[in-house]
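The numbers in UniProt numbering rise by one with no breaks, and the one at position 283 of the sequence shown is 344. What follows is a short report on a single structure.
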Amino acid sequence: AKEIHQILDDNPIVTETQLQHWNWIAEYYMCTIGEVYKSALPGGFILESETIITSQKDFNPLEIALTDEEYLVYEALQTQSALKVQEVVSILNKKTILPVINRLIAKNAVSLQEEISEKYKPKTTRYIRLQPEFLQESQLSELMELLSRAQKQREAVLQYFQLHAAEKKPVTVKKLTEAGTTAAVIKSLIDKGVFEEYFLEEDRVQFTGSGNAAFNLSEKQQGAFDEIKASFDKHAVTLLHGITSSGKTEIYIRLIEEFINSGKQVLYLLPEIALTTQLVVRLTAYFGNKVAVFHSKYTNNERVETWQQVLEASAKAQVVIGARSALFLPFQKLGLIIIDEEHEQTFKQQDPAPRYHARDAAIVLANMFGAKVLLGSATPSIESYSNVNAGKYGYVALKERFGKVLPPEIILVDIKDKYKRKRMTGHFSDTMTEAIAETLALGKQVILFQNRRGFSPWIECMTCGHVPQCPQCDVSLTYYKYKNQLRCHYCAYHIANPTHCHQCHSTDISSKGFGTEQIELELKTLFPDKNSWRMDQDTTRGKHGYEKIIDSFKNREIDILVGTQMLAKGLHFDNVGLVGILNADNMLFQPDFRAFERAYQMMVQVAGRAGRKEDRGTVLIQTYNPLHNVIRQVTENDYEGMFKEQIYERHNFKYPPYFRLVRIILKHKDYEKLKNASLWLHNVLMQHLNNIPVLGPEEPGISRIRNEYIRAIMIKIPPGAALGNTKRTIGKILESLDAVPQYRSVKVTVNVDPY
Ligand code: ADP
Ligand code: ZN
Ligand code: ZN
62 AKEIHQILDD NPIVTETQLQ HWNWIAEYYM CTIGEVYKSA LPGGFILESE
112 TIITSQKDFN PLEIALTDEE YLVYEALQTQ SALKVQEVVS ILNKKTILPV
162 INRLIAKNAV SLQEEISEKY KPKTTRYIRL QPEFLQESQL SELMELLSRA
212 QKQREAVLQY FQLHAAEKKP VTVKKLTEAG TTAAVIKSLI DKGVFEEYFL
262 EEDRVQFTGS GNAAFNLSEK QQGAFDEIKA SFDKHAVTLL HGITSSGKTE
312 IYIRLIEEFI NSGKQVLYLL PEIALTTQLV VRLTAYFGNK VAVFHSKYTN
362 NERVETWQQV LEASAKAQVV IGARSALFLP FQKLGLIIID EEHEQTFKQQ
412 DPAPRYHARD AAIVLANMFG AKVLLGSATP SIESYSNVNA GKYGYVALKE
462 RFGKVLPPEI ILVDIKDKYK RKRMTGHFSD TMTEAIAETL ALGKQVILFQ
512 NRRGFSPWIE CMTCGHVPQC PQCDVSLTYY KYKNQLRCHY CAYHIANPTH
562 CHQCHSTDIS SKGFGTEQIE LELKTLFPDK NSWRMDQDTT RGKHGYEKII
612 DSFKNREIDI LVGTQMLAKG LHFDNVGLVG ILNADNMLFQ PDFRAFERAY
662 QMMVQVAGRA GRKEDRGTVL IQTYNPLHNV IRQVTENDYE GMFKEQIYER
712 HNFKYPPYFR LVRIILKHKD YEKLKNASLW LHNVLMQHLN NIPVLGPEEP
762 GISRIRNEYI RAIMIKIPPG AALGNTKRTI GKILESLDAV PQYRSVKVTV
812 NVDPY
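Set out below in structure tokens:
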């Protein structure tokens, strides 16, 4: 044990509940408590240390002689209790000060210490005011008389009065200098004791709302609202199953109002940072500066500020809007957690650990506070809906769009048939092109969905069949026409697009499949005088990339917006007449037990962007499989049917919510070593986990990334098995793998409830 060196905070910056919750996360998601702390605490709390120089009390310069340089440092320390290294540099006016300091230490005149401080520095503003004595009329006129010989200073005082009278609030130094007073004049007035400067802390992020009166809830909304409140009396968690555009947000707003009026804090979780902008505008309109926002695009300092406001249960952070990390804030009086678009996979953190699911971790947190949870979705996750069926969650349905707008009409286009009858131009069927033209002619906008970026996912030599692969990863390279490059989506590798095959030198190379870039280009020839734009990971980099596109689309500067799943996420546009899904099939056929669930959710959500105000919208789905069950469920809006089919499969094939999955990923550059380590691990797991299926080790779909080979082991924990014990056993076995010398360098990650 070491001695306490310095006390940093008067009060703890974390609460007991947080520690309890973080322990739960570490245990449930099988990671270290350090990993949880690291991702929970904003970087602004990271400590910095600095060397400082202090004087030794009993040193007497009369007894031990000091050189001139040494004396300068010693003297400075008589007025200041400590000096930073940088300050000594400026006192001595030279760079190499270490010899001087070392001699002072040797003479026992000074000593060195580490001072630790937080990176976070509050933002302060410099203000100026008149010394109080001049508030008396007589003193003031005396002063002005005195200053008549210093015109500039006299003007400065007059300017101060003017500003003070005009703005009726404290005067900042900045304002005064902007009005024409120089810094030198201000300084001399401070020196004379006329002005006095002072500093005030300031919020970095400020929201000002108009405090608009809330909308009146429609009859259906009011009904749902009442049902939710009744459900809260019986259930800790309630699912609001409201179709797209049914007006869920307005219901949330009423609930928030009730909870904050009773003195509680509310957390509003969203799957995507990009969505917060629209919501912040809507919420601040009602709640003004009671709203705080917390997510990773905010700076460290901004996040520390919100942290402190939540910790103090300050009026400024009664409602916190955030992405999953907002779950780690130091709530004091949490009363309600809203999880909007609860079915979204982005709530599950992938890398690094903790690989937690924010929805599930939120339910645990709410339980610690005795708080309520409202899950909202038009397409609930299989997990949540089955919890409703099991009676664990309350359930409220809202099956009508706000304003009685009809849900969009969904039309299927069989592209197998269209290709046969030569009715395709590029990837557009004649039905699609005509519908786009008609929609645009009516002054409405179009959204096109293709869940792949780039021009085409691979290119192929038509002579020998060669497909260029990433040399570091086990994937084909994506072709980007605009940049004329082949790029890897898993690492930074990219090359110029080859003019001939590297295997057989043939020049007959063809691109296969299609992504958003190709669609955008085709649109430019199909609708040359219309403005089409693309929204995907490649066009939305940068802090405001996403917002810019959303704004231009809202302002109708863009006629046709092509995008990936980013478009499917709770965005609200008024003027979209048509949504086109260019290829439904590549969503359906993915090697994932959630593929059908996800395809259903994605299609319904994208479709939901059509016709949200006044008129009914249209959705066109191009597919090779118009008879596929999931496609039929989408067109018939048959959530129940989709759920029944999926839950049956989950049950039959031992998947969640029946079986709990733990996936272990092993990685190493040495293929043999990886193979042996994963066989070893698989064996030991089999020996110790009785009656629990341990699958693998298998090569995953992409079995090498950045030159590291990958193996996966999947453990399926049956409903009856003791979850905690099983995980502890797995944890111990992983530790024993790490104890085998030749396997120590194998990287192992554990993912509980993987997505
Ligand atoms: P959801 O989140 O269920 O898809 P929204 O909350 O975005 O639906 O609501 C859809 C549209 O209806 C929005 O434009 C919203 O402003 C509007 N709206 C919802 N409820 C009301 C209301 N009570 N009064 C007026 N407009 C409303
Ligand atoms: Zn070839
Ligand atoms: Zn790569």
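Here a beta-carbon is modelled for each residue, glycine too, at the ideal position from N, C-alpha and C. The structure displayed is predicted, hence computed values, not measured ones.
Exposed unless 16 or more other CB atoms sit within 10 angstroms - verdict on residue 139: Exposed: under 16 other Cβ atoms inside 10 Å.
9 angstroms Cβ cutoff met for residue 400 and residue 437: Yes; because the gap between Cβ atoms is below 9 angstroms, this pair is in contact.
Distance CB(residue 327)-CB(residue 379) smaller than 9 angstroms: The Cβ-Cβ distance between residue 327 and residue 379 falls below 9 angstroms.
Bridge partners - residue 101, DSSP secondary structure assignment: Here residue 101 is not bridged, per DSSP, to any residue.
Per-residue DSSP class, three states only, for residue 266: If DSSP states are grouped into helix, strand and coil, residue 266 belongs with coil.
Among 666, 654 and 549, nearest to residue 707 - alpha-carbon criterion: If we check each option's Cα against that of residue 707, 654 comes out closest.
Distance cut 5 angstroms, beta-carbon to ligand 3 heavy atom: residue list by chain order: Around ligand 3, the residues whose beta-carbon falls short of 5 angstroms from at least one of its heavy atoms are 531, 533, 534, 549, 551, 552 and 554, given in chain order.
Whole-Å CB distance - residue 367 paired with residue 666, under 8 angstroms assumed: Incorrect: roughly 29 angstroms between the Cβ atoms, too far for contact.
Residue 520 beta carbon less than 9 angstroms from that of residue 532: For the pair residue 532 and residue 520, the CB atoms are not nearer than the 9 angstroms cut-off.
Proximity below 9 angstroms, CB of residue 355 to CB of residue 316: Going by C-beta atoms, residue 355 is not nearer than 9 angstroms to residue 316.
Through-space distance from residue 155 to residue 251, alpha-carbon basis: C-alpha separation (whole angstroms): 31 angstroms.
Residue 182, buried or exposed, once every other Cβ within 10 Å from all chains shown has been counted against 16: A residue is called buried once 16 or more other Cβ atoms fall within 10 Å of its Cβ, and residue 182, having fewer, is exposed.
One or two residues paired with residue 573 in a DSSP bridge: Answer is 519, bridged to residue 573.
Inter-stretch contact (C-beta, 8 angstroms, three-pair minimum) for the stretch 709-718 and the stretch 781-800: In the pairwise beta carbon analysis, the stretch 709-718 is classified as not touching the stretch 781-800: fewer than three pairs are separated by under 8 angstroms.
Residue 587 vs residue 726 beta-carbon contact at 9 angstroms: Contact annotation: residue 587 and residue 726 have beta-carbon atoms that are not nearer than 9 angstroms.
Per-residue burial, residue 66 [other beta carbons within 10 Å of its own, 16 or more giving buried]: Classification of residue 66: exposed, given that the 10 Å Cβ count is below 16.
Reduced DSSP category for residue 758 - H, G, I as helix; E, B as strand; rest coil: Note: residue 758 maps to strand in three-state DSSP.
The beta strand (DSSP E) enclosing residue 194, as first and last residue numbers: Neither: residue 194 is in no beta strand (DSSP E) and is coded neither H nor E.
Selected residue, minimal CA-CA separation from residue 658, among 638, 692 and 675: Of the candidates 638, 692 and 675, the one whose C-alpha sits nearest the C-alpha of residue 658 is 692.
Within the stretch 390-442, ranges of the beta strand (DSSP E) (whole runs, at least 3 residues): 395-401 and 433-438, all fully within the stretch 390-442.
Bridge partner(s) assigned by DSSP for residue 729: Bridge partners of residue 729: 770.
Residue 318 to residue 814 span [Cα, whole Å]: Their backbone Cα atoms lie some 34 angstroms apart in a straight line.
Cutoff 8 angstroms; reference residue 729; Cβ partners in own chain excluding five residues on either side: So the qualifying residues of the chain are 735, 738, 769, 770, 806, 807 and 808.
Own chain partners of residue 404 with C-beta closer than 7 angstroms, once the 5 adjacent residues on each side are dropped: If we look at residue 404 and ignore the five residues flanking it on each side, its Cβ neighbours are 438, 440, 441, 442 and 662.
Three-way DSSP call (helix, strand, coil) for residue 752 in this model: The answer is coil: DSSP assigns residue 752 none of H, G, I, E or B.
Sequence-distant residues of the same chain with beta carbon closer than 7 angstroms to residue 448, five excluded per side: Excluding residues within five positions, the ones whose Cβ falls inside 7 angstroms are 454.
Chain-ordered residues, beta carbon under 6 angstroms from a heavy atom of ligand 2: Result (chain order): 522, 524, 525, 527, 562, 564, 565 and 567.
Rounded straight-line distance, which links the Cα of residue 300 to that of residue 461: So the alpha carbons of these two residues sit roughly 16 angstroms apart.
Where residue 537 falls, given that 16 or more other Cβ within 10 Å makes a residue buried: So residue 537 counts as buried.
Residue 678 beta carbon near ligand 1 (any heavy atom closer than 8 angstroms): Because no heavy atom of ligand 1 lies under 8 angstroms away, the Cβ of residue 678 does not count as near it: no.
Among 388, 420 and 68, the one whose alpha carbon lies nearest that of residue 402: Of the candidates 388, 420 and 68, the residue whose Cα lies closest to the Cα of residue 402 is 420.
Meets three-Cβ-pair contact criterion under 8 angstroms: the stretch 788-795 and the stretch 743-752: At 8 angstroms Cβ cutoff, the stretches touch.
Cβ shell of residue 413 (< 8 angstroms), same chain only, five flanking positions each side left out: 96 and 100.
Cβ pair count under 8 angstroms reaching 3, the stretch 458-474 against the stretch 549-560: Short answer: they don't touch.
Alpha-carbon to alpha-carbon, residue 81 and residue 98: So the alpha carbons of these two residues sit roughly 12 angstroms apart.
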